[in-house]
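Numbering (this note's numbering), first residue to last: 4 to 461. C-beta atoms are modelled at their ideal positions from N, C-alpha and C, and glycine is treated no differently.
Structure representation (structure tokens):
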């Protein structure tokens, strides 16, 4: 039976569709993967989806609302908070110095409104899927008397180290920090920034710490990753009974709605020979400081390679006619899969990691903050599909000539042959995972069974 037939039968029998409540965290790298997943659940598996969203973030989910009549917003105004300025409802609108913990804590003030809404529903939700930044939703689901599922738009490795970090709170150290003999150690500055910025005794941070720890108590957890890439750390979490050991690796989650494109990149890429372009992007949250932008510019110019550089700040428009600088949103998935693109200089944000793996391009790792050093470890040391060309950090600026040499080498025929072979294999495995019969395809079906079982038990 097709999805449309399933929906038609349910309507004809006047049976309500199984109803899921979805609560994304308002940051692009968190919100988009969960909305793509939610859209697949609505269109492929005949769920009714309600997405909790604040007014200023409603436009961000409009393409998903337009894609299916089974997806509905629950728009709730964010109550005033002493930690947040008025109108700060998204991670990118937080003033400098305001931590993500303030937004995490503030979003919990929506709890009474959500409970009132649920009581008014003739077809109340039978499960709540929330972003792992909102682990406090475990208690919200308990109040609603429904199952809770945590959604991780990050690697299983990140989840595996974040829980013991918040549990034990190791202090800053000059030696690598290890949380388990079966997990890698990291220099303290390379630990996830959401942990390093924790301030004991601060109400927002103490709430956030408990929120992250609560994810382990979920009925299940969904990961935007795939077994071939992340299997060791998925197994570690299962063996520790994290989220009752019910972990579903369903990634790389395919896009459920098309990417928008106002960039005019593709005429340039179409004019370039195959495997001749380096794509540079450090993510939507990163602001390129002038000294760093100058070093990248000099490195690109010295390399002489064709490039596309996605920036959020001012930069030269071209270098000797070789490159293109794009300000604002870039359809990154399509850019990476273009035949002209040979390599990707990436900050190692998780969405970029997955898109780079699927495209099979050479990855030049340049971690900056957040979970990016953890992801770079996965790419460079575990999977062997990337080369680390630089590291970010306060005041860190690369040597332009060396940067140019590495970028130039990335488009040379025959360079880094072992990495290119592994990148091609990883791309094949990523696509096989989400294809019919693949590990992520089967995990999605098992996850759907669990969610529908919650409906029948309601």
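Nonlocal neighbours in the same chain, by C-beta distance under 7 Å from residue i, ignoring five residues either side
i: residue 180; result: 173, 188, 189, 191 and 194
i: residue 449; result: 251
i: residue 240; result: 159, 162, 163 and 250
i: residue 305; result: 403, 404 and 407
i: residue 456; result: none
i: residue 391; result: 368, 379 and 383
i: residue 64; result: 38, 54, 56 and 76
i: residue 109; result: 81, 84, 86 and 87
i: residue 280; result: 272, 309, 310, 311, 343, 344 and 345
Nearest-angstrom Cα separation, counted from residue j out to residue i
i: residue 215; j: residue 132; result: 15 Å
i: residue 125; j: residue 168; result: 42 Å
i: residue 210; j: residue 203; result: 10 Å
i: residue 31; j: residue 37; result: 10 Å
i: residue 290; j: residue 100; result: 15 Å
i: residue 398; j: residue 302; result: 17 Å
i: residue 340; j: residue 292; result: 29 Å
i: residue 70; j: residue 416; result: 42 Å
i: residue 487; j: residue 219; result: The structure shown does not extend to residue 487, since the chain spans only 4 to 461, so no value can be given for it.
i: residue 79; j: residue 396; result: 37 Å
i: residue 446; j: residue 152; result: 14 Å
i: residue 227; j: residue 156; result: 5 Å
i: residue 254; j: residue 129; result: 24 Å
i: residue 248; j: residue 242; result: 7 Å
i: residue 40; j: residue 401; result: 38 Å
i: residue 26; j: residue 308; result: 43 Å
i: residue 1; j: residue 224; result: Coverage of the chain is limited to positions 4 through 461, which leaves residue 1 absent and any answer about it impossible.
i: residue 185; j: residue 196; result: 22 Å
i: residue 376; j: residue 178; result: 16 Å
i: residue 150; j: residue 221; result: 8 Å
i: residue 246; j: residue 148; result: 17 Å
i: residue 34; j: residue 107; result: 14 Å
i: residue 66; j: residue 451; result: 23 Å
i: residue 201; j: residue 208; result: 6 Å
Residue i, DSSP secondary structure in three states
i: residue 468; result: Missing from the structure shown is residue 468; the chain here goes from 4 to 461 and no further.
i: residue 75; result: strand
i: residue 367; result: strand
i: residue 350; result: coil
i: residue 326; result: strand
i: residue 336; result: helix
i: residue 149; result: coil
i: residue 139; result: coil
i: residue 22; result: strand
i: residue 2; result: One cannot answer for residue 2 here, as it falls past the ends of the chain, which runs 4 to 461.
i: residue 134; result: strand
i: residue 12; result: Any reading at residue 12 must be qualified, since the residue scores a pLDDT of 47, below 50, and its modelled position is unreliable; the value itself is stated next. DSSP places residue 12 in helix when its eight states are reduced to three.
i: residue 388; result: coil
i: residue 437; result: helix
i: residue 343; result: coil
i: residue 312; result: strand
Residues near residue i in its chain [Cβ-Cβ closer than 6 Å; skip 5 each side]
i: residue 112; result: 82
i: residue 51; result: 20, 22 and 73
i: residue 274; result: none
i: residue 127; result: 121
i: residue 45; result: 52, 71, 73 and 74
i: residue 427; result: 363
i: residue 286; result: 350 and 352
i: residue 342; result: 277
i: residue 454; result: 130
i: residue 429; result: 360 and 388
Residue i Cβ short of 7 Å to the ligand ZN heavy atom set
i: residue 237; result: Within the structure as shown, the ligand ZN is missing, as the structure has no ligands at all.
is_contact[residue i, chain B] using C-beta, thresh 8 Å
i: residue 310; result: Chain labels in this structure do not include chain B; a single protein chain is all it has.
Cutoff 8 Å; reference residue i; Cβ partners in own chain excluding five residues on either side
i: residue 271; result: 311 and 327
i: residue 75; result: 51, 52, 53, 54 and 68
i: residue 258; result: 39 and 336
i: residue 205; result: 104
i: residue 355; result: 284, 286, 335, 347 and 349
For this session: Give a yes or no on contact between the stretch 331 to 349 and the stretch 132 to 143, applying the rule of three or more CB pairs nearer than 8 Å.
Result: Counting Cβ pairs under 8 Å, fewer than three are found: no touch.
Problem set entry | Cβ contact (3+ pairs, closer than 8 Å) linking the stretch 340 to 360 and the stretch 402 to 416 | Yes, the stretch 340 to 360 touches the stretch 402 to 416.
Exercise. Hey, is the stretch 359 to 366 in contact with the stretch 420 to 429, meaning 3+ C-beta pairs nearer than 8 Å?
Worked result: At 8 Å Cβ cutoff, the stretches touch.
Exercise. Going along the chain, which unbroken runs of the alpha helix (DSSP H) with 4 or more residues stay wholly within the stretch 223 to 301?
Worked result: Taking 4 residues as the shortest admissible run, the stretch 223 to 301 contains the following complete alpha helix (DSSP H) segments, listed from N- to C-terminal end: 230 to 242 and 269 to 273.
Exercise. What alpha helix (DSSP H) runs, 4 residues minimum, are completely inside the stretch 164 to 211?
Worked result: Listed in chain order, they are 196 to 199.
Exercise. Taking the runs of the alpha helix (DSSP H) that are 4 residues or longer, which of them lie wholly in the stretch 28 to 96?
Worked result: Within the stretch 28 to 96, the runs of alpha helix (DSSP H) that reach at least 4 residues and sit entirely inside it are, in chain order, 31 to 48 and 61 to 70.
Exercise. Touch check for the stretch 55 to 63 and the stretch 77 to 97: three-plus C-beta pairs under 8 Å?
Worked result: Yes: at least three Cβ pairs fall under 8 Å.
For this session: Specify whether the stretch 430 to 437 and the stretch 226 to 244 touch according to this definition: at least 3 beta carbon pairs, one from each stretch, less than 8 Å apart.
Result: With a cut-off of 8 Å, the stretch 226 to 244 and the stretch 430 to 437 count as touching, because enough Cβ pairs lie within range.
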